[in-house]
Structures are given as C-alpha cells and as structure tokens.
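Here is the structure we will look at.
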Amino acid sequence: MGIGMLLAALVVGAAGPAYLRRAVDAAARPGVALGAWIGTGVVFVSLLVVAPVVMHVQPLRGFAPAATAVTACATMFDPATGGVWPAAVRGVVVAVAVVAGVSAVAVVVAAMSRARRSARAHARSLRSLVEATDHADGVRVWWIADDEPVAYALPGASARGLPGVGRRGSASPGGTVVASTALWDLGEERRRAVLDHEIAHLRGRHHVAVTSAAALRTVFSPVPLLRRAAAEVSVLAELAADRRAALGAGGAAAVRGALGELGAPAGRVAVLSSVPAGPRGTGPGLALALVHAVSPAAVSAAAATTLVLGMCSALAG
Ligand SMILES: [Zn+2]
1 MGIGMLLAAL VVGAAGPAYL RRAVDAAARP GVALGAWIGT GVVFVSLLVV
51 APVVMHVQPL RGFAPAATAV TACATMFDPA TGGVWPAAVR GVVVAVAVVA
101 GVSAVAVVVA AMSRARRSAR AHARSLRSLV EATDHADGVR VWWIADDEPV
151 AYALPGASAR GLPGVGRRGS ASPGGTVVAS TALWDLGEER RRAVLDHEIA
201 HLRGRHHVAV TSAAALRTVF SPVPLLRRAA AEVSVLAELA ADRRAALGAG
251 GAAAVRGALG ELGAPAGRVA VLSSVPAGPR GTGPGLALAL VHAVSPAAVS
301 AAAATTLVLG MCSALAG
C-alpha cells in the first residue's frame with residue numbers, strides 16, 4: 001500500500017500537468033481548473049507525507065490484504081523477510097519520501113508566515129494614505145489617492161489601529177481591498193467589477209494557493225506538477241476572479257471594460273467572451289475539481305496494487 005501510494009505520487013507528479021490540461025477546459029471553467037490544480041498538489045504532498053508512515057507501520061503487506069493465494073508472494077515483497085526488497089532499499093525510499101514530505105510542509109508554512117507578516121507591514125505602511133474606508137459585499141475597501149486606476153487584495157491585514165479596523169481586529173473577513181481613487185472614473189459598473197474581482201481573490205483565499213504553489217516550486221522544481229503549478233495557479237486565480245466578477249450586475253461586459261482600462265493582457269479579456277449573461281449558480285464545480293484532483297492518484301495506486309497482485313497471483317499459481 002505504501003509503495004502503491006509512492007507510485008501514485010510519482011505518476012501524479014510527472015503526468016499531473018498533462019492530465020489537468022486535457023481534463024479541464026480552463027478557459028470555460030477556470031474555477032474548476034484552479035480547484036483541480038490545488039487539489040492535485042495537496043494530493044501529491046499528502047501522498048509523500050502519508051506513504052512512508054504506511055510503509056513503516058505495515059511494510060508492503062497491504063498489497064494482499066485478503067487474498068490467501070498470493071500471501072506467500074506478498075511475504076516475498078516484505079523487506080522484513082529479506083525477500084525481493086532489501087531493507088536498505090526500503091530505508092532509502094522511506095527516507096527520501098520523509099524528507100520530501102517534511103520539506104513540502106515546512107516551506108509552505110514558512111512562506112505563509114512570511115506573507116502574513118509582509119501583508120501586516122504593508123497594511124501599516126498604508127495607514128496614512130487611506131483617504132476613505134467603505135465596504136463592498138461585507139469586505140472593507142481602503143481608498144488610496146492615486147491617478148493610476150489600480151486595485152489589489154490585501155489578505156489578512158487585521159492589525160489594530162488601522163482605518164476601519166475595530167479594537168478586536170478585522171471586521172472584514174479574509175482581508176481588505178485596496179483601491180485607488182482613480183477607479184471612480186471608470187463608472188459604477190466597471191468599478192464594481194474591479195472590486196468584485198478582488199473580493200473573489202479574498203473569498204477564494206487565492207493568496208494561500210498562489211503563495212503555497214510558489215513556495216513548493218522552490219523545493220520541487222524537478223517535479224513537473226509543482227514546477228508548473230505556480231504559474232498555472234496564479235493565472236487561473238485571475239481567470240476565476242474575473243469569472244466571479246462577471247456574475248455581478250455589470251456582467252462580463254463590465255469586467256472586460258475594466259480589464260481594458262487597467263491594461264490587462266488581451267488574452268485574459270478574450271477568455272471572458274464565453275461567460276453567459278446574467279448570474280448563474282456555481283454548479284458542481286467543487287465536486288468536479290475534487291474528482292480531477294483525486295482520480296489520477298487513486299487510479300495509479302489501484303493500478304500499481306492490481307499489477308503486483310496480478311504478478312503475485314501468477315507467481316503463486
Ligand atoms: Zn486579480
């Protein structure tokens with residue numbers, strides 16, 4: 001079972017990007033694609049963390065849980081019996097997986113902590129620049145005087161004493177949107193589209209995915225899945241936030257207009273052409289993303305187990 005999980009991690013790590021690009025139409029369903037990339041990354045790291053534990057607790061016996069005909073063969077695969085897997089090989093495999101799993105968790109935790117500190121510091125540095133504070137959809141908006149139309153999401157940023165922040169910290173779940181006063185020139189619908197886009201980043205906690213993917217890339221760049229995930233996740237987060245904003249009152253036209261004013265790449269604007277007019281439900285997006293994230297690993301693990309069981313059946317027969 002532990003070996004099956006490591007094989008699944010190898011398959012997902014190597015073939016994950018190709019699978020995700022073919023399985024999900026990112027332009028039509030960026031939210032599903034984003035969820036699938038995030039989920040696949042989580043599955044990959046989880047396999048690295050859990051597989052050594054499983055191998056340590058129950059080395060390879062899980063291959064043949066109930067099949068008495070292949071028990072002898074499964075025993076042969078058990079390093080404890082001195083069979084086909086020398087203990088040293090198992091030791092190296094477990095050690096590599098442990099180091100990889102611990103590194104993955106450590107770099108993500110460190111990167112998130114750095115990001116939180118820098119968001120707090122940035123929020124403090126904005127203190128004297130905030131012209132006005134209001135709320136959009138329950139999320140705090142800080143208006144900064146600037147002639148350039150810009151907006152960005154500032155996750156967390158619940159430091160006390162800042163404009164619009166109560167004594168008990170943030171009254172704005174997820175964080176704050178920082179927007180320049182130049183956005184007022186865009187008109188009501190486009191301005192609202194820009195704010196909705198940033199609110200979608202905060203509500204979707206996109207910063208967690210973007211920061212984690214970037215951190216994992218620094219350690220796991222030889223793994224195709226994590227080498228590609230950072231770029232894919234940050235692009236998909238933008239497309240998903242655009243898509244969410246397009247469900248607002250101004251529709252896709254307002255988002256396209258706002259993106260044009262803010263100088264977004266033409267390709268990103270073009271993607272929005274497939275958004276139908278008017279609000280609609282999110283549908284089974286989360287379930288679909290989960291299926292795409294879990295199925296390659298599950299199929300790989302099952303295939304590896306079936307392969308060994310088949311081989312053992314042949315050997316035992
Ligand atoms: Zn954005």
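UniProt numbering numbers the first residue of the sequence shown as 1 and each following residue consecutively.
Even glycine gets a Cβ: it sits at the ideal position worked out from N, Cα and C.
Q: Return helix, strand or coil for serine 295, following the three-state DSSP convention.
A: helix
Q: Please report how far the alpha carbon of alanine 230 lies from the alpha carbon of serine 103, in whole angstroms.
A: 17 Å
Q: Go ahead and pull the three-state DSSP assignment for threonine 81.
A: Confidence in threonine 81 is poor, its pLDDT being 46 and thus under 50, which makes the residue's placement unreliable; the coordinate value appears in the next sentence. Looking at threonine 81 - three-state DSSP - the assignment turns out to be helix.
Q) Which of the three DSSP states, helix, strand or coil, is assigned to aspartate 242? A) helix
Q) Excluding the five sequence neighbours on either side, which residues of its own chain have a C-beta within less than 6 Å of the C-beta of aspartate 52, listed in chain order? A) The question names aspartate, but residue 52 in the sequence shown is proline. For proline 52, where only same-chain residues beyond five positions count, the Cβ hits under 6 Å are Val94, Ala97, Val98.
Q.
Cutting at 6 Å between CB atoms, please list the residues of its own chain near glycine 101, excluding the five before and the five after it.
A. Leu48, Val49
Q.
Judging by CA-CA distance, which residue of Val150, Leu195, Ala26 is the nearest neighbour of aspartate 137?
A. Leu195
Q: Check the DSSP bridge columns for arginine 191 and list the partner residues they point to.
A: In the DSSP output, where bridge partners are listed per residue, arginine 191 has none listed.
Q) Under a criterion of Cβ closer than 6 Å to any non-hydrogen atom of ligand 1, which residues qualify, in chain order? A) His197, His201, Glu238, Ala241
Q: Compare the Cα-Cα distances from alanine 200 to each of Ala182, Trp142, Val177 and report the closest residue.
A: Val177
(Q) What does the Cβ neighbour count give for arginine 90, buried or exposed, with the cut at 16 atoms within 10 Å? (A) buried
Q | Contact belief for valine 32 with valine 24 at Cβ below 8 Å, rounded distance in angstroms | A | 6 Å
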